[in-house]
Structures are given as structure tokens and as C-alpha cells.
Amino acid sequence: MTQYYAYKRFRLDRAPKNTRILITCFYVMISLAVAVGVINYKVRTHLTPSGTAAWYLGNEDATGVVDELLFPKTVHELLDVTHPHLFEQTLIVFVLCHFFGLTRVRDLWKRIVYVASFASVLLDVGSPWLVRFVSPGFASLHLFGTMLLSAMFLVLIGVPLYEMWIGFDKEESYDWVRP
Numbered sequence: 441m442t443q444y445y446a447y448k449r450f451r452l453d454r455a456p457k458n459t460r461i462l463i464t465c466f467y468v469m470i471s472l473a474v475a476v477g478v479i480n481y482k483v484r485t486h487l488t489p490s491g492t493a494a495w496y497l498g499n500e501d502a503t504g505v506v507d508e509l510l511f512p513k514t515v516h517e518l519l520d521v522t523h524p525h526l527f528e529q530t531l532i533v534f535v536l537c538h539f540f541g542l543t544r545v546r547d548l549w550k551r552i553v554y555v556a557s558f559a560s561v562l563l564d565v566g567s568p569w570l571v572r573f574v575s576p577g578f579a580s581l582h583l584f585g586t587m588l589l590s591a592m593f594l595v596l597i598g599v600p601l602y603e604m605w606i607g608f609d610k611e612e613s614y615d616w617v618r619p
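Count along the sequence shown from 1, then add 440; that gives the number in my numbering.
Right under this line is the structure:
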């Protein structure tokens with residue numbers, strides 16, 4: 441992807457059709473992965489702070505009927521999730537931010553999206569530790585981090601897709617293309 445930065449004035453909306461198809465296929469697969477992740481989180485926590493707290497703290501002390509008996513997450517269980525997620529989400533956000541950097545979005549907004557994207561990864565992988573070992577009140581922070589990460593994926597994927605397939609000038613010359 442860095443080879444695109446070598447071309448003067450290269451943007452995704454000026455990319456050859458084969459490149460746009462390749463990037464679109466990547467976006468489709470990442471979108472499916474994100475959708476499965478959100479569905480998984482919804483099934484586990486019902487996308488609520490109380491459900492999030494129960495997922496990490498357990499519910500064996502709950503009064504009344506519970507759908508599923510949950511036990512507090514151990515350090516080992518949290519590490520088993522945190523370690524791969526930290527690598528995978530960071531790498532995916534890095535790649536998506538590179539593509540986003542090739543859009544017509546103003547530089548200030550690009551920087552804001554970059555920082556918000558990486559901050560959302562930190563919230564997503566860090567807040568379960570806070571919920572489990574500091575306070576169940578951090579469950580709202582985890583829910584916010586998950587929603588922010590999802591929103592960042594929408595921006596990082598949606599804007600480039602729009603520019604590549606809808607919002608581009610079909611008549612514009614591609615002066616960066618080598619003969």
C-alpha cells in the first residue's frame with residue numbers, strides 16, 4: 441500500500457479499477473469480521489452496561505432466574521482475549537487508516553479519525569480489565585469503546601468506498617499513472 445504514496449497526488453478515487461476491486465474485497469471481509477464481532481458482543485452482553493458487567497464479573501450471586509450462569513473472568517481468560525485483539529485490531533486499524541489517508545478528507549479530520557480509531561482499540565481491549573478488577577461502572581466505558589470502534593470502522597471503510605465507487609470524477613486525468 442505504501443507504493444501508492446510514491447505517486448504524486450495519488451488518491452483512492454483515482455486508483456485503477458483492479459486496485460479498487462481488491463481494496464473493496466478487503467473491506468467486505470473486514471466488514472463481515474466486524475459484524476460478527478458486534479453480534480458476538482450483543483449475544484454475550486445484550487449491548488448493555490449491566491450485561492457487560494455480568495459478562496466480566498459473573499452472575500453467580502444474582503438473585504432470581506438467569507439465562508446463563510457466568511463466572512468472573514480470570515486473568516488468564518482476559519489475557520487470552522486481550523493479547524490477540526491488541527495485535528489484530530491494531531494491525532487492521534493501521535491498514536484501514538492508510539487507505540483512509542488516500543482519500544480527499546482534510547488532514548485535520550484524518551488525524552482526528554486516526555487518533556479516535558486507535559483510542560477505541562485501547563478502550564476495547566483495556567476496559568474489560570477495568571470492569572473486572574476496578575469497578576463495574578467501567579462497563580459503560582467498554583460499551584462506549586466498542587461503539588466508537590464500530591463507528592470508526594464505518595468511517596474508515598465507508599468514506600474510501602464512497603470515493604472509489606460513487607464520489608469520483610470519471611473524466612479526471614490520472615497524471616500519476618506511468619506510461
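Built from N, CA and C at the ideal position, the CB exists for glycine as well.
Whole-angstrom Cβ separation of residue i and residue j, contact assumed at under 8 Å?
i	j	result
Phe-593	Val-474	5 Å
Leu-542	Arg-449	Contact doesn't hold; Cβ gap of about 11 Å is too wide.
Gln-529	Val-483	Their Cβ separation, rounded to whole angstroms, is 19 Å, which puts Gln-529 and Val-483 out of contact at 8 Å.
Leu-579	Pro-489	In the sequence as displayed, the identity of residue 579 is Ala instead of Leu. Right, their Cβ atoms sit about 4 Å apart.
Val-545	Val-599	6 Å
Starting from the C-beta of residue i, find all residues in its chain whose C-beta is less than 6 Å away, skip the five residues before and the five after it, and write them out in chain order.
i	result
Leu-563	Gly-585
His-525	Val-565
Glu-517	none
Leu-570	Phe-578
Gly-498	Leu-510, Phe-511, Pro-512
Glu-472	The identity of residue 472 in the sequence shown is Leu, whereas the question assumes Glu. Hits under 6 Å: none found.
By Cβ distance, which residues of its chain are closer than 8 Å to residue i, with the 5 residues on each side in sequence left out?
i	result
Pro-608	Looking at the sequence shown, residue 608 is not Pro but Phe. So the qualifying residues of the chain are Asp-453, Arg-454.
Thr-464	Leu-601, Met-604, Trp-605
Tyr-481	Leu-487, Thr-586
Phe-539	Met-441, Leu-452, Ile-463, Leu-596, Pro-600
Please list, in chain order, all residues of the same chain as residue i whose beta carbon is under 7 Å from its beta carbon, the five residues on each side excluded.
i	result
Ala-556	Leu-588, Met-592
Val-478	Ser-590
Ser-567	Phe-578, Leu-581, His-582, Gly-585
Please report the distance separating the alpha-carbon of residue i from that of residue j.
i	j	result
Gly-491	Arg-572	13 Å
Val-515	Arg-460	43 Å
His-522	Phe-558	Checking the sequence, you will find Thr at residue 522 rather than His. Between Thr-522 and Phe-558, the C-alpha separation is close to 15 Å.
Leu-462	Ser-575	44 Å
Val-595	Leu-519	29 Å
Ile-597	Tyr-554	13 Å
Trp-495	Phe-466	31 Å
Ala-493	Glu-500	12 Å
Phe-511	Asn-458	49 Å
Ile-470	Val-533	10 Å
His-582	Leu-531	20 Å
Trp-549	Cys-537	12 Å
Glu-508	Thr-485	11 Å
Phe-527	Ile-552	21 Å
Val-476	Asp-547	31 Å
With a threshold of 7 Å between beta-carbons, can residue i be considered close to chain C, or not?
i	result
Thr-586	The structure shown contains no chain C, having only a single protein chain.
task: Note down, one range per segment and in chain order, each alpha helix (DSSP H) of at least 4 residues found wholly within the stretch 455-540.
output: Runs found: 457-485, 489-497, 515-540.
- prompt: Counting only runs that start and end within the stretch 559-606, where is the alpha helix (DSSP H) found for 4 or more residues in a row?
  reply: List check, alpha helix (DSSP H) in window: 579-605.
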